[in-house]
């Protein structure tokens with residue numbers, strides 16, 4: 001009976017799907033653990049059971065992903081598992097409710113890019129973000145690389161989105177005033193025999209429509225990257241690769257969206273949803289009528305026409321709330337080390353080493369010169385069951401540096417200025433999911449957006465716009481109407497450091513605060529910090545300022561400028577010095593004023 | 001274009017002493033200071049113990065600074081505060097110094113000699129590869145000192161101090177006096193790196209323990225620091241795994257070394273000694289670029305400000321000689 | 001008979017001499033060795049009988065830009081009075097401008113020392 005629901009889309013008969021399921025179950029029982037069972041959920045496969053390590057949970061999911069099922073729902077338990085998903089909190093409607101045309105869950109690069117694309121239309125749009133700012137998770141915790149698109153598997157959605165996203169960024173960069181350095185990336189090989197695969201690169205590039213691919217003999221490799229250690233035999237140059245600031249890009253998208261009428265709800269967490277048809281099927285579809293939101297002061301209800309799930313590493317949990325969880329996210333951590341700008345000259349672009357990857361699931365886990373000129377090493381790839389534990393680990397960082405540092409002559413561990421972790425929102429199929437829900441009339445899932453997600457963001461937003469257009473018509477029998485007042489251009493905070501002497505003088509004459517340097521390492525002026533405090537998104541934290549103008553991101557890591565930034569926040573916004581936080585919540589910089597409280601009073 | 005015999009970059013103890021010396025011996029001098037007030041780090045070093053050699057008196061940091069600030073002001077030396085140097089260029093007859101200031105905008109000044117007196121900065125937890133979370137509550141001792149002494153903020157209620165540098169020891173006492181609990185000082189070596197008297201009057205006086213051959217390897221707490229992991233280290237300062245212990249605290253104060261600040265010197269390709277992180281100088285404090293002198297903590301980290309003052313005078317005198325020699329050759 | 005030897009680190013100057021200090025029980029005379037100067041000997045006997053310290057700290061001010069002013073005691077005070085002195089000074093708020101050397105608190109806790117400004121604090125500087 002279930003088979004009827006799939007209609008023509010289902011390429012398997014019920015019997016064949018069952019055979020596949022049984023075969024997979026047998027394999028998992030044998031390879032992973034006897035307790036594992038497989039069942040069918042729509043055209044995905046769901047695996048359950050109990051094992052003793054997270055590695056086994058992931059391994060089982062990866063084996064299941066090799067089958068032809070659409071996605072893998074991995075509900076295998078292990079002892080410390082946070083996978084225990086329960087959203088029985090189907091709340092009754094709250095007293096207060098709001099009507100929205102589009103509710104986007106998640107304020108990362110994807111949610112913000114979608115919001116900005118949809119703000120072209122005369123729609124009431126909100127972004128619901130559980131954190132205190134945009135770009136808190138993966139969007140500020142990556143290398144800012146705009147991949148050329150050569151690395152994604154042929155025919156994958158990733159590949160398509162990456163190629164298109166890369167192309168769109170040129171325009172986006174101009175409109176949003178977030179500069180990109182199209183520095184190019186080199187894929188480097190250490191064996192001569194591997195030259196045989198060059199034609200395959202060439203053919204793949206032709207097939208996916210990637211231009212600017214070049215074969216580099218050894219000599220050209222070392223001409224391009226003279227500080228590279230010996231041993232590289234040849235390389236592939238992808239000219240269509242660039243670097244930019246991922247957090248500045250996300251903030252820019254969000255700001256432009258807000259300027260075009262989008263509402264950004266911060267500190268707002270989705271805690272439940274109401275599906276008007278609890279027994280929704282592919283034929284008899286359901287609909288999300290209410291989203292329950294908890295913010296710092298109250299619980300309230302959002303009544304949306306369309307819901308967009310852009311919740312990153314939490315996207316499967318959001319899908320579960322909607323009663324539409326057909327995939328699982330297995331978070332994959334990546335640690336990154338940043339080096340002093342003094343060493344900027346050691347690397348000229350993006351370097352990837354073939355046959356030298358710390359894991360097969362990293363893209364360009366190599367050495368990059370960031371937009372600002374810091375050499376970045378990483379990321380590595382570590383499977384984890386914790387969705388937002390950003391702790392770094394000395395042993396894994398050491399291992400990564402042990403492998404990568406020798407690739408560049410003159411790059412030393414003591415030149416590091418900081419390191420951090422990002423978490424990739426990977427599905428077991430390791431491809432993007434960008435589609436209208438198949439059993440809910442008004443939901444769009446944008447999930448599994450891992451690398452090259454940042455590079456793909458403009459294309460993903462474009463694709464969602466199309467899905468949304470169709471969905472809106474089906475739901476309301478009306479077309480989305482263009483907003484004549486849409487302004488695609490967003491003004492960036494002037495970047496004093498990048499100005500010529502003449503420009504600097506003009507700026508200081510106009511705004512004297514631009515002549516006062518606050519962050520000495522990054523040369524950030526008081527004017528830039530003041531401007532950051534008055535952008536469309538409320539900024540009153542040290543890290544919020546940092547994400548906008550980079551004050552505190554240099555070699556002293558804010559040792560000198562953090563107190564000065566606090567003084568500016570205090571005098572400009574009237575926040576008491578003892579209440580200023582690093583990143584909202586409990587993260588107060590100081591415990592309290594001296595002489596006011598404490599043990600000796 | 002404004003022309004100076006010497007431009008002194010930095011208005012801390014080294015810069016003030018050098019500028020004063022240059023001026024009283026007849027040179028045309030300009031002091032460039034990025035902060036609003038002269039005095040450099042001495043402004044926040046409110047403890048005493050300065051000046052015994054220079055003045056045969058026990059002074060606090062602000063008092064020591066006050067003497068030199070007054071001396072400098074009395075000689076009518078040109079001073080620009082809130083002024084940031086963005087570039088140094090070697091010219092035929094000397095140097096061009098590009099500065100930024102909110103009143104005068106960007107200016108290019110010309111001079112015969114440059115005195116680099118830019119001081120030093122502190123090593124951070126990131127440079128020690130202390131891993132874990134990135135919470136509020138982890139500060140270098142100098143940042144904590146600024147917060148307490150200048151802004152009147154107590155950075156934590158209960159803290160651990162990593163490293164036994166002098167600022168760390170001074171801060172142990174200062175935080176205790178202001179009502180915070182200092183659990184202890186953790187030092188990876190087997191002796192304190194600060195002065196013995198500071199161990200006595202800052203730690204022993206207040207019964208603050210100092211632990212040797214121990215370090216902090218991880219910090220915990222997503223928003224505010226909740227605890228740190230400490231561990232023993234061996235003679236090579238390598239962590240001995242299996243000795244980890246978690247210590248509950250809301251503050252980690254680091255006093256793990258000072259690094260001379262020479263980023264601006266590097267614009268002139270001044271050669272840097274990898275051991276001291278300061279410029280390589282001759283006996284007269286001249287760097288490998290003729291006409292560029294280095295002194296104070298920008299040259300190497302000194303224990304005592306009195307020695308910084310003396311060192312700055314040597315640099316100034318040698319700059320004077322250089323200026324005279326150059327004028328003679330110019331005819 | 002002599003009382004036990006006391007090991008001491010001199011805090012008078014940065015040298016930090018390691019001294020041995022011993023008091024003769026009968027005569028009460030104090031013998032100091034290891035000191036490099038007379039000041040050290042003086043410090044050692046004081047430290048043995050009644051240890052004193054100069055307190056350096058800050059006081060609150062009425063100036064919003066400079067909420068604290070650095071101060072010191074004009075002389076040393078008994079070590080055990082450091083914390084009570086801090087507690088006592090918590091409530092003081094200094095009216096600015098203040099010149100360096102100005103007495104801000106007279107006769108601190110009746111200890112015959114004053115609290116004096118160690119910096120000049122002027123409006124808007």
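Protein chains in written order, with UniProt numbering: chain A, 1 to 601; chain B, 1 to 331; chain C, 1 to 125.
Using N, Cα and C, we set each Cβ at its ideal position, and we do this for glycine too.
Quick caveat, the model's predicted, so the values are computed rather than measured.
| Check | Outcome |
| --- | --- |
| Chain B within 7 Å of residue 652 of chain A, Cβ atoms only | This structure cannot settle anything about residue 652 of chain A, because the visible part of chain A is limited to 1 through 601. |
| Minimum Cβ-Cβ distance from residue 47 of chain B to chain C less than 7 Å | yes |
| Residue 134 of chain A - DSSP class collapsed to helix/strand/coil | coil |
| Any chain C beta carbon closer than 7 Å to residue 599 of chain A | Unreliable placement is indicated for residue 599 of chain A, whose pLDDT of 42 sits below 50; the coordinate value is still reported in the next sentence. Chain C contact via Cβ: absent. |
| Complete runs of the beta strand (DSSP E) confined to the stretch 158 to 184 of chain A [at least 3 residues] | none |
| Residue-level contact to chain B via CB, residue 86 of chain C, 7 Å cutoff | yes |
| Cβ-based burial, residue 599 of chain A [other Cβ within 10 Å; buried from 16] | Because the pLDDT of residue 599 of chain A is 42, which lies under 50, any placement of that residue in the model is unreliable, and the number read from its coordinates should be weighed accordingly. By the neighbour-count rule (16 or more Cβ atoms within 10 Å), residue 599 of chain A is not buried but exposed. |
| Under the three-state DSSP convention, the category residue 485 of chain A falls into | coil |
| Environment of residue 309 of chain B [buried if 16+ CB atoms lie within 10 Å] | buried |
| Beta-carbon proximity list for residue 361 of chain A, same chain, < 6 Å, skipping 5 on both sides | Unreliable placement is indicated for residue 361 of chain A, whose pLDDT of 46 sits below 50; the coordinate value is still reported in the next sentence. Cβ within range, chain order: 381. |
| For residue 349 of chain A, the three-state DSSP class (helix, strand or coil) | coil |
| CA-to-CA distance, residue 164 of chain A to residue 247 of chain A, given in whole angstroms | 21 Å |
| Cβ-based burial, residue 42 of chain C [other Cβ within 10 Å; buried from 16] | exposed |
| Residues bridged to residue 331 of chain A [DSSP beta-bridge criterion] | A:425 |
| Beta-carbon contacts of residue 56 of chain C that lie in its chain and below 6 Å, excluding the five residues immediately before and after | 72 |
| Per-residue burial, residue 544 of chain A [other beta carbons within 10 Å of its own, 16 or more giving buried] | buried |
| Near-chain A residues of the stretch 111 to 126 of chain B - C-beta to any C-beta below 7 Å | 121, 122, 124, 126 |
| Distance between residue 168 of chain B and residue 563 of chain A (C-alpha atoms, nearest Å) | 18 Å |
| Whole-angstrom distance between residue 555 of chain A and residue 254 of chain B, CA atom to CA atom | 15 Å |
| CB contact check: residue 90 of chain C to chain A, cutoff 7 Å | yes |
| Burial state of residue 364 of chain A, where buried means 16 or more other Cβ atoms lie within 10 Å | The predicted model places residue 364 of chain A with a pLDDT of 40, which falls under 50 and marks its position as unreliable; any figure quoted below should be read in that light. Per the 10 Å Cβ criterion, buried. |
| Cβ shell of residue 106 of chain B (< 8 Å), same chain only, five flanking positions each side left out | 86, 98, 99, 100 |
| Contact set between residue 72 of chain C and chain B, taken where Cβ atoms lie within less than 7 Å | 48, 60 |
| Helix, strand or coil at residue 99 of chain A according to DSSP, with G and I counted as helix | strand |
| Residue 318 of chain A to residue 387 of chain A span [Cα, whole Å] | 13 Å |
| Cβ shell of residue 60 of chain C (< 6 Å), same chain only, five flanking positions each side left out | 93 |
| First and last residue of the uninterrupted beta strand (DSSP E) at residue 291 of chain A | 288 to 294 |
| Interface flag, residue 457 of chain A vs chain B, CB-CB below 7 Å | no |
| Contact set between residue 60 of chain C and chain A, taken where Cβ atoms lie within less than 7 Å | 595 |
| Any chain A beta carbon closer than 7 Å to residue 105 of chain C | no |
| Secondary structure of residue 200 of chain B, DSSP reduced to three states | helix |
| Residue-level contact to chain B via CB, residue 142 of chain A, 7 Å cutoff | no |
| Pick from B:35, B:18, B:36 that is closest to residue 347 of chain B, judged by C-alpha positions | In the structure as shown, chain B starts at 1 and stops at 331, and residue 347 of chain B therefore has no counterpart that could be examined. |
| Contact set between the stretch 213 to 239 of chain B and chain F, restricted to residues whose Cβ is under 7 Å from the partner | Absent from the structure: chain F. Protein chains present are A, B and C. |
| Ordered list of beta strand (DSSP E) runs contained in the stretch 32 to 68 of chain C, each at least 3 residues | 56 to 61 |
| Three-state secondary structure (DSSP) of residue 342 of chain A | helix |
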